[in-house]
Amino acid sequence: GNSVTQMEGPVTLSEEAFLTINCTYTATGYPSLFWYVQYPGEGLQLLLKATKADDKGSNKGFEATYRKETTSFHLEKGSVQVSDSAVYFCALSNPVGFGNEKLTFGTGTRLTIIP
Amino acid sequence: GAVVSQHPSRVICKSGTSVKIECRSLDFQATTMFWYRQFPKKSLMLMATSNEGSKATYEQGVEKDKFLINHASLTLSTLTVTSAHPEDSSFYICSARPRARLAGAGLSYNEQFFGPGTRLTVL
Numbered sequence: 500g501n502s503v504t505q506m507e508g509p510v511t512l513s514e515e516a517f518l519t520i521n522c523t524y525t526a527t528g529y530p531s532l533f534w535y536v537q538y539p540g541e542g543l544q545l546l547l548k549a550t551k552a553d554d555k556g557s558n559k560g561f562e563a564t565y566r567k568e569t570t571s572f573h574l575e576k577g578s579v580q581v582s583d584s585a586v587y588f589c590a591l592s593n594p595v596g597f598g599n600e601k602l603t604f605g606t607g608t609r610l611t612i613i614p
Numbered sequence: 007g008a009v010v011s012q013h014p015s016r017v018i019c020k021s022g023t024s025v026k027i028e029c030r031s032l033d034f035q036a037t038t039m040f041w042y043r044q045f046p047k048k049s050l051m052l053m054a055t056s057n058e059g060s061k062a063t064y065e066q067g068v069e070k071d072k073f074l075i076n077h078a079s080l081t082l083s084t085l086t087v088t089s090a091h092p093e094d095s096s097f098y099i100c101s102a103r104p105r106a107r108l109a110g111a112g113l114s115y116n117e118q119f120f121g122p123g124t125r126l127t128v129l
């Protein structure tokens, strides 16, 4: 079955540091890949996504590239801010059109940025 | 747009009682809603998929008689934890997927929009 392995946290960085949160996956076929973010007291929000190999998803300065050869979708940001402090979830789903696109999540990585 | 609410946000109950959690899509209609459970330091685990007007589809290992799901309208799904026990204590999260025809309104019909979660504690 599908599974997502995500870098365990917590991760603490200073403001303006470079961020990488690793994510690898196991799936049959060609899943869609996602990063969700959960700010304190809020629901999960879609941060970015990629639907096929070599696609790069980007949003709010975050990027992740769908690497089929390494089955990875690592999240990166060049210069983090205090407002980026949150829990980040890597996830995958079956491709569009396969029906019942259930999401499979990683364990989440808590990120804290200190000024 | 695309706001999903959950009520209550926190609930504490005695063992043996039943608890109902509501999930509402506030500004869109959702043909499909999903219920997840999150354990401490664990990933979100899908419990069931709920389609409006039909029976929910439960994931393997989830007791459908214990976790009753009703999706009576396009904006509301409920999860009832029956005869709750301390091991049912957890964080329950719902998500909703918009109807396909709303894609033109700027919503992706493949995207799930999540509620803020409900913390259930069973004493």
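Chains F and S supply the protein sequences, listed in that same order. Under the numbering used here, the first residue of the first sequence is numbered 500, with each subsequent residue one higher. Under the numbering used here, the first residue of the second sequence is numbered 7, with each subsequent residue one higher. Beta carbons are placed, not taken as given, at the ideal position from N, Cα and C, and that holds for glycine.
Beta-carbon neighbours of residue i, restricted to chain S and to distances below 8 Å
i: Lys-601(F); result: Phe-40, Leu-52, Thr-55
i: Gly-560(F); result: Ordered by position in chain S, no residue passes the 8 Å Cβ test against Gly-560(F), which lies about 21 Å from the chain.
Reference residue i; option with closest CA among the options
i: Phe-34(S); options: Val-10(S), Ile-18(S), Met-51(S), Ala-62(S); result: Val-10(S)
i: Tyr-565(F); options: Asn-558(F), Lys-576(F), Asp-553(F), Val-536(F); result: Asp-553(F)
i: Thr-611(F); options: Val-536(F), Ala-563(F), Leu-543(F); result: Val-536(F)
i: Met-497(F); options: Ser-49(S), Glu-69(S), Met-53(S); result: Residue 497(F) lies beyond the range of chain F shown here (500 to 614); nothing can be said about it.
i: Gln-580(F); options: Pro-539(F), Ile-613(F), Asn-521(F); result: Ile-613(F)
i: Asn-521(F); options: Glu-562(F), Gly-528(F), Ser-584(F); result: Glu-562(F)
Chain F contact residues for residue i, given Cβ-Cβ distances below 8 Å
i: Pro-122(S); result: Gly-540, Glu-541, Gly-542
i: Val-68(S); result: In chain order: nothing, as chain F lies at least about 13 Å away.
Partner residues on chain S for residue i, Cβ-Cβ distance less than 7 Å
i: Phe-604(F); result: Ser-49, Leu-50
i: Leu-545(F); result: Glu-117
i: Gly-528(F); result: Here the premise fails: no neighbours, minimum Cβ distance about 16 Å.
Sequence-distant residues of the same chain with beta carbon closer than 7 Å to residue i, five excluded per side
i: Thr-55(S); result: Thr-38, Phe-40, Ala-62, Thr-63
i: Ser-584(F); result: Leu-610, Thr-611, Ile-612
Same chain, Cβ closer than 6 Å to residue i, five either side skipped, listed in chain order
i: Glu-58(S); result: Thr-37, His-77, Leu-80
i: Thr-550(F); result: Ser-531
i: Thr-570(F); result: Thr-523, Tyr-524
i: Ser-502(F); result: Thr-525
i: Arg-125(S); result: Arg-16, Phe-97
i: Arg-609(F); result: Gly-508, Pro-509, Val-586
i: Ala-102(S); result: Val-10, Ser-31, Ala-36, Met-39, Phe-119
i: Gly-560(F); result: Lys-576
i: Pro-92(S); result: Val-128
Proximal residues of chain A, C-beta to C-beta of residue i below 9 Å
i: Val-17(S); result: Annotation note: the requested chain A is absent from the structure, which comprises protein chains F and S.
Nearest-angstrom Cβ-Cβ length linking residue i and residue j, presumed shorter than 8 Å
i: Lys-72(S); j: Thr-88(S); result: 6 Å
i: Gln-3(S); j: Glu-28(S); result: Given a span of 7 to 129 for chain S in the structure shown, any question on residue 3(S) remains unanswerable.
i: Leu-547(F); j: Gly-556(F); result: 3 Å
Residue span of the beta strand (DSSP E) that contains residue i, given as start and end
i: Gln-544(F); result: 543-549
i: Gly-556(F); result: 555-558
i: Asn-76(S); result: 73-79
i: Tyr-535(F); result: 531-537
i: Phe-561(F); result: 561-564
i: Lys-48(S); result: Segment: none, Lys-48(S) is in no beta strand (DSSP E) and carries neither H nor E.
Chain S contact residues for residue i, given Cβ-Cβ distances below 9 Å
i: Gly-607(F); result: Gln-44, Lys-47, Lys-48, Ser-49, Leu-50
Within chain F, partners of residue i - CB distance below 9 Å
i: Val-10(S); result: Gly-542
beta-carbon residue i near the ligand MG non-hydrogen atom, thresh 7 Å
i: Thr-81(S); result: No copy of the ligand MG occurs in the structure displayed, which carries no ligand at all.
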